[in-house]
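**Q** Below is the structure I would like to discuss, written out as structure tokens.
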């Protein structure tokens, strides 16, 4: 199973690319599938692509849940 993660768009780059904040990490991704995305939007990221623009409240709640799950993970 693959999981998309919420991210906040920090900067739009040339050639359909963007820098996003994924749980405090800045990552460069493709926004080819979401050409209407703007800085400060939230997107669902999977395999280096923004798959869709998402609601900010949903993004924040999902991030909180993922962080909580990560805290309970056994390695």
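Numbering (my numbering), first residue to last: 5 to 79.
For glycine and all other residues, C-beta sits at the position ideal for the given N, C-alpha and C.
Note down the Cα distance separating residue 25 from residue 66, rounded to an integer number of angstroms.
**A** Their backbone Cα atoms lie some 14 Å apart in a straight line.
**Q** Hey, how far is the Cα of residue 7 from the Cα of residue 50?
**A** Approximately 7 Å, taken between the alpha carbons.
**Q** Go through its chain and collect everything with a Cβ distance to residue 31's Cβ below 6 Å, but skip five positions before and after it.
**A** For residue 31, where only same-chain residues beyond five positions count, the Cβ hits under 6 Å are 24.
**Q** Within this structure, are the beta carbons of residue 48 and residue 33 separated by less than 8 Å?
**A** Result no, Cβ atoms of residue 48 and residue 33 do not sit closer than 8 Å.
**Q** Can you tell me whether residue 51 is helix, strand or coil according to DSSP?
**A** Residue 51: coil per DSSP, three-state reduction.
**Q** Does residue 4 come out as helix, strand or coil in the three-state DSSP assignment?
**A** In the structure as shown, the chain begins at 5 and stops at 79. Residue 4 is therefore absent and cannot be evaluated.
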